[in-house]
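So the sequence shown is numbered by this note's numbering: it starts at 1 and just counts up by one.
We treat Cβ as the ideally placed atom computed from N, Cα and C, and that holds for glycine.
Since the structure comes first, as structure tokens, the remarks are kept for the end.
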Amino acid sequence: MIVTTGGRTDQQTIDHARTLSEAYDSPYIERAKRSITKLKECYKEDIIVVSRNGIAIHSHSQEEPLTFHPNMAMVRAKRVLSGETDPFIQTAGIAPGMHVLDCTMGLASDSIIASLATGPEGQVTALEADPLLHLLAAEGLQSFPASNQEINEAMRRIVTMNAEHHAFLASEPDDSYDIIYFDPMFSEAIDNSNAIRTIHHQTEQSGLNVETIIEARRVARRRVVMKDHWKSPKFSELGFTQVKRKTSLFHYGYIDVQDKAVR
Numbered sequence: 001m002i003v004t005t006g007g008r009t010d011q012q013t014i015d016h017a018r019t020l021s022e023a024y025d026s027p028y029i030e031r032a033k034r035s036i037t038k039l040k041e042c043y044k045e046d047i048i049v050v051s052r053n054g055i056a057i058h059s060h061s062q063e064e065p066l067t068f069h070p071n072m073a074m075v076r077a078k079r080v081l082s083g084e085t086d087p088f089i090q091t092a093g094i095a096p097g098m099h100v101l102d103c104t105m106g107l108a109s110d111s112i113i114a115s116l117a118t119g120p121e122g123q124v125t126a127l128e129a130d131p132l133l134h135l136l137a138a139e140g141l142q143s144f145p146a147s148n149q150e151i152n153e154a155m156r157r158i159v160t161m162n163a164e165h166h167a168f169l170a171s172e173p174d175d176s177y178d179i180i181y182f183d184p185m186f187s188e189a190i191d192n193s194n195a196i197r198t199i200h201h202q203t204e205q206s207g208l209n210v211e212t213i214i215e216a217r218r219v220a221r222r223r224v225v226m227k228d229h230w231k232s233p234k235f236s237e238l239g240f241t242q243v244k245r246k247t248s249l250f251h252y253g254y255i256d257v258q259d260k261a262v263r
């Protein structure tokens, strides 16, 4: 991939783009009034565009850019702060001070909610295998200006890693995290938004398997949690207790691992 700036730029934006270029070991290319289409034709690479409004990913194989804007996470976060119950927090049993591992970060919506629930005394670590999505989410979590300071602080606390979850879990000691969470790409599309469709193109469709869940059960102290389409066979195939929600197209499932004897 290459890094460039928006069409209209300033020195601060150029400096930010150069910093990203060095951090992610990707060439910085001066925009020089060229269109994104022209840059794609010239370099045949994915393009990270840094502008005053944030970062956008222009995939070489897709016309539509992907930006970081956690719309639903903001709505959910405000509900949590107002005292409403969030089904993810409830199913996972997340409480202040816990350590949560989000194995499939994506654009970090669930990581943000988990970070709110664990509070400043807890910790959320989020993994993303796709380097472009990881870059976008990692930068967005550190810079997106939420209207609520508590939400901003929750985003800034999240530790992100560009890592494949099975290999990461295999390298971790037993009982490293209270909660381990998976949100695999759904077998049937749930959200028809442009951002989700773009993610489907960007993300590996490797899914989950029994070996990964075995590692997750070893590394978790309390629960392994998964979100998937309500008709997904993964719940029963992988040993999750499915929590059914009549009005939702996706459900959560959990595996309790506190009793070591049942692992």
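- DSSP lists Ser51 as the beta-bridge partner residues of glycine 54.
- The beta carbon of arginine 31 lies closer than 6 Å to those of Thr4, Thr5 in the same chain, with the five residues before and after it left out.
- The three-state secondary structure of glycine 6, taken from DSSP, is coil.
- The beta carbon of lysine 40 is closer than 8 Å to those of Ile47, His58, His60 in its chain, skipping five residues each way along the sequence.
- Rounded to the nearest angstrom, the gap between the Cα atoms of threonine 160 and lysine 38 is 32 Å.
- Here threonine 104 is not near histidine 166, since their CB atoms are 8 Å or more apart.
- With a threshold of 16 other beta carbon atoms within 10 Å, lysine 44 falls short and is exposed.
- With fewer than 16 other CB atoms across the displayed protein chains lying within 10 angstroms of its CB, aspartate 256 is exposed.
- Here the alpha carbons of threonine 91 and valine 243 stand approximately 8 Å from one another.
- C-alpha of alanine 129 to C-alpha of glutamine 11: approximately 32 Å in a straight line.
- Taking the Cα of valine 124 as reference, the smallest distance to any Cα among Ile158, Ala108, Val224, His134 is reached at Ile158.
- With a cutoff of 8 Å on beta-carbon distance, aspartate 178 and valine 219 are scored as not near each other.
- By the beta-carbon neighbour count (other beta carbons within 10 angstroms, threshold 16), aspartate 15 is exposed.
- With respect to threonine 67, glycine 97 sits apart: the two C-beta atoms are not nearer than 8 Å.
- A Cβ-Cβ contact shorter than 8 Å links isoleucine 29 with isoleucine 2.
- Here proline 184 is buried, its C-beta having at least 16 other C-beta atoms within 10 Å.
- Annotated three-state conformation of phenylalanine 144 is coil, per DSSP.
- For valine 257, no beta strand (DSSP E) run applies, since DSSP gives it neither H nor E.
- Within the model, the alpha-carbon separation for serine 143 versus alanine 137 is close to 10 Å.
- The three-state secondary structure of aspartate 86, taken from DSSP, is coil.
- Beta-carbon to beta-carbon, arginine 156 and leucine 141 are separated by about 7 Å, close enough to satisfy the 8 Å threshold.
- For methionine 226, the enclosing beta strand (DSSP E) begins and ends at 220 to 229.
- In this structure, leucine 169 lies near threonine 212, with their beta-carbon atoms less than 8 Å apart.
- Looking from the CA of serine 232, the closest CA among Arg222, Glu215, Gly253, Ile214 belongs to Gly253.
- The residue among Leu20, Glu121, Val50 with its C-alpha nearest the C-alpha of proline 65 is Val50.
- Within 10 angstroms of the beta-carbon of alanine 216 lie 16 or more other beta-carbons, which makes it buried.
- In the three-state reduction of the DSSP assignment, threonine 67 falls in the strand class, which pools E and B.
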